[in-house]
Amino acid sequence: MELDHLENSNDSISETGRFTFRVWDDRSGHPRSRLWRFCNGLATCRPVGAPGRRILAYASAVLMLLAGAGLLYTPTVKWSIRILFPYLLAWQLLKVPALWVAPGMEAVWLGFGEIAVPFSGGWVLFALLSQLDSESRLLLLTGQRGVRVARTLFAVSLVPIGLSHLFYVKLTVPLIPTWLPLRTGWAYVTGIGQIACGIGILLSIFARVAATVEAAMLTVFAVLVWVPAVVAEPTARDHEFCEAMG
14 MELDHLENSN
24 DSISETGRFT
34 FRVWDDRSGH
44 PRSRLWRFCN
54 GLATCRPVGA
64 PGRRILAYAS
74 AVLMLLAGAG
84 LLYTPTVKWS
94 IRILFPYLLA
104 WQLLKVPALW
114 VAPGMEAVWL
124 GFGEIAVPFS
134 GGWVLFALLS
144 QLDSESRLLL
154 LTGQRGVRVA
164 RTLFAVSLVP
174 IGLSHLFYVK
184 LTVPLIPTWL
194 PLRTGWAYVT
204 GIGQIACGIG
214 ILLSIFARVA
224 ATVEAAMLTV
234 FAVLVWVPAV
244 VAEPTARDHE
254 FCEAMG
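So the sequence shown is numbered by this note's numbering: it starts at 14 and just counts up by one.
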C-alpha cells in the first residue's frame with residue numbers, strides 16, 4: 014500500500030513538475046523574455062575565451078525552449094530532462110566563483126539561490142524521469158536519493174532568498190503593490206516566511222505545509238508583482254519578469 018502511494022505521489026509530482034518546469038523553461042526562452050532579449054548580457058557569463066559567446070547565449074535560449082517543450086510529451090521526456098539537467102548544473106556552477114570571491118555579500122548568495130530553485134526542480138524531474146541505464150554513473154543522482162538531495166538544495170536556497178528581503182528592504186518595498194498597506198512590513202514578513210519555509214523543508218518540520226506556503230508565496234509574487242510589471246512594460250529590455258534567472 015505504501016509503495017503504491019509513493020508511486021502515485023511520484024507520478025503526480027512528475028506531471029505537475031513537468032508542466033511547471035516547462036512553463037518556467039519556456040518563459041526563459043520566449044523571444045520577449047529577459048533571457049532571449051538580454052542575450053548580450055548572458056553572453057558575458059560564458060568563459061571569456063569561448064568563441065561565439067553571443068551565439069552560445071542564443072543557443073542556450075533555444076535549448077531551454079525546445080527541451081522545456083519536450084517535457085510535455087511522454088516519448089521525449091527522458092531525453093529532454095537528460096539534456097536540461099547538465100545544462101542547469103552548468104548554469105548553477107557559473108555562480109560558484111562569485112561565492113568564492115565575495116562570500117560575505119548577501120547578493121551573491123541570493124544569485125546562487127535564485128538559480129538553485131529551478132535547478133533543484135530540474136533535479137527532481139531528472140531523478141524521477143531520466144530512466145538511466147543500470148550501469149550509468151549518474152544513477153546515484155536519481156531515485157529517492159536524488160529527490161532528497163534536490164529537496165535539501167531547494168530548502169537551503171530559500172534562506173538567502175528570504176534574507177535578501179531583509180538585507181535589501183529599500184529595493185524590496187518598491188516591488189510591493191502600492192495599494193497594499195504596510196509595504197515595509199510585507200517585505201519583512203515575506204523574507205522571514207521564505208526563511209521559515211526553507212528551514213521547515215530542510216528539517217522536515219511541517220515540510221508539506223512549508224512547501225505549500227512557499228509555492229503560494231511564489232504564486233502571489235508572480236500575480237501581484239511580475240505580471241503587472243510585464244503588462245505595464247511588455248517591451249522593457251531588462252524586465253524583472255525573469256528576475257529568478259539571476
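Cβ atoms here follow ideal geometry from the backbone N, Cα and C, with glycine treated the same way.
These numbers come from a predicted model, not from an experiment.
- Apart from sequence neighbours up to five positions away, the residues of its chain that approach residue 214 with a beta-carbon distance below 8 Å are 164, 167, 168, 171, 220, 223, 224 and 227, ordered along the chain.
- Here DSSP, grouped into helix, strand and coil, assigns residue 170 to helix.
- For residue 136, the closest of 149, 243 and 157 by C-alpha to C-alpha distance is 157.
- The three-state reading of DSSP puts residue 117 in coil, since its state is none of H, G, I, E or B.
- When Cβ pairs closer than 8 Å are counted between the two stretches, the region 112-121 is seen not to touch the region 146-156, the count staying below three.
- Less than 8 Å separates the beta-carbon of residue 142 from that of residue 90.
- Here residue 174 is not near residue 231, since their CB atoms are 8 Å or more apart.
- Nearest C-alpha to residue 238 among 185, 131 and 79: 185.
- Residue 84 is not a Cβ neighbour of residue 96, given a cutoff of 8 Å.
- A direct Cα-Cα distance of roughly 22 Å separates residue 134 from residue 205.
- In this structure, the straight-line span from the alpha carbon of residue 216 to that of residue 245 is close to 40 Å.
- Annotation: the continuous alpha helix (DSSP H) that includes residue 221 extends over 220-234.
- The beta-carbon distance between residue 153 and residue 132, rounded to whole angstroms, is 17 Å. This is too long to meet the 8 Å contact definition.
- Residues 119, 122, 123, 204 and 208 of the same chain have their beta carbon placed closer than 8 Å to that of residue 176, with the five preceding and five following residues left out of the count.
- Membership of residue 199 in the alpha helix (DSSP H) is indicated by the continuous run 196-216.
- Counting along the chain, residue 73 sits inside the alpha helix (DSSP H) bounded by residues 66-83.
- Close CB contacts of residue 188 within its chain, under the 7 Å cut and outside five residues either way in sequence, are with 238 (chain order).
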